[in-house]
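First the structure, in the form of structure tokens, and then the observations on it.
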Amino acid sequence: MTTPTECPCSSGKSFASCCEPYLTGKAAAPTAEVLMRARYTSYATGRIDFVEKTHAPESRVDFDREASEKWAKNSVWKGLTVVAVKDGREDDSTGAVSFVARFGSGGENYEHREIATFRKQNGAWCFVDGKSPKPDTFVKTGPDVGRNDPCRCGSGKKFKKCHG
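Position one of the sequence shown corresponds to residue 8 (the numbering used here), numbered consecutively onward.
As structure tokens, this is what we get:
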């Protein structure tokens, strides 16, 4: 278990003043985003007990501790970006956090993108589930080229005879 100086969650704060109080049980995460950041930090520091403990009871059944420990140990954690937060404030009962976790493994760099859902249970935030965000749909912005229009390459031929 490593103890970093700067918090791995990319908050810019020190570990001691950011995620450490949540990982050690000295404080409860006040928001869904704070819990998500602490869960990322628990992977980055190898504290998988926290990840397991902060699962909602119904999702704890599907938690693969061995695989999580292996992933945490075999990865170099490179940072976290919070993309969006929906609800999940101190006075909310549910929330969602969209994030990108960057890590390296086997000499390759990866990005884990997820929309994590959280719920407050007995006054404490817990992780319910995570889903992959839907990819952006490609939308063509330029004018359509018809088969009988002149080719875009400037050859003077019809598009269908040149590049169609």
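Just so it is clear, CB atoms sit at the ideal spot from N, CA and C, and this is done for glycine as well.
- In the three-state reduction of the DSSP assignment, residue 106 falls in the strand class.
- Taking the CA atoms as reference points, residue 165 sits about 32 Å from residue 143.
- About 18 Å separates the CB atoms of residue 15 and residue 38; that is not less than 8 Å, and the two are not in contact.
- By the neighbour-count criterion, in which a residue is buried when 16 or more other Cβ atoms sit within 10 angstroms of its Cβ, residue 70 is exposed.
- Taking a cut-off of 8 Å on C-beta distances, the stretch 80-89 touches the stretch 104-112, as three or more cross pairs fall below it.
- Ranked by how close their Cα comes to the Cα of residue 44, the residues 20, 64, 67 have 20 in first place.
- Taking the C-beta atoms as reference points, residue 100 is found nearer than 8 Å to residue 126.
- Annotation for residue 155: no alpha helix (DSSP H) segment contains it, and DSSP assigns it neither H nor E.
- Under the criterion of beta carbons closer than 8 Å, residue 63 and residue 133 qualify as touching, at roughly 4 Å.
- Burial check for residue 31: the Cβ neighbour count within 10 Å stays below 16, so the residue is exposed.
- Across the structure, residue 46 and residue 91 are spaced so that their CA atoms are roughly 17 Å apart.
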